[in-house]
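Since the structure comes first, as structure tokens, the remarks are kept for the end.
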Amino acid sequence: SEGVQSKQKWSYVKVNMDGVIVGRKICILDDMDYFSLALQLEDMFGKQSISGLRLFEAESAFSLYYKDKDELWRAVGDVPWKEFVDRVKRMRIACKDEDQRVPSSSAFF
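Going by the numbering used here, the first residue of the sequence shown is number 1, and it counts up by one from there.
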């Protein structure tokens, strides 16, 4: 049962959003794909923007990044879903006009 507890512990991922002081934890195993992840994050953080998050849409004012097991920040959606679930440690919803800092920065928080 320790393996099950360990799996459950690591299935929770902290999500922070630019401009929002308090982060939230989500169970990454509750989602089946990137679309359902986007819906869950919209429910949690969408009210922070008049137009909503609309993650993964070209018109969105936000991008979604994750910190992987190697402590590198990457764009969410850059690998297949199952690989993402195995690698993700943390997520950040960033304003697109601040995206220029994202790829090279390893110190978001």
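Just so you know, even glycine gets a beta-carbon here, dropped at the ideal spot from N, CA and C.
These numbers come from a predicted model, not from an experiment.
Let me make sure I understand the geometry here. Which of the options has the alpha-carbon closest to that of residue i?
| i | options | result |
| --- | --- | --- |
| residue 25 | 89, 94 and 97 | 89 |
| residue 15 | 80, 96 and 64 | 64 |
| residue 59 | 20, 97 and 17 | 97 |
| residue 20 | 36, 80 and 44 | 44 |
| residue 31 | 53, 75, 93 and 84 | 84 |
| residue 81 | 38, 17, 23 and 93 | 38 |
By the 10 Å Cβ neighbour count, where 16 or more other Cβ atoms means buried, how is residue i classified, buried or exposed?
| i | result |
| --- | --- |
| residue 66 | buried |
| residue 62 | buried |
| residue 50 | exposed |
Would you kindly work out how many angstroms separate the C-alpha atoms of residue i and residue j, rounded to a whole number?
| i | j | result |
| --- | --- | --- |
| residue 28 | residue 77 | 14 Å |
| residue 13 | residue 73 | 14 Å |
| residue 57 | residue 35 | 11 Å |
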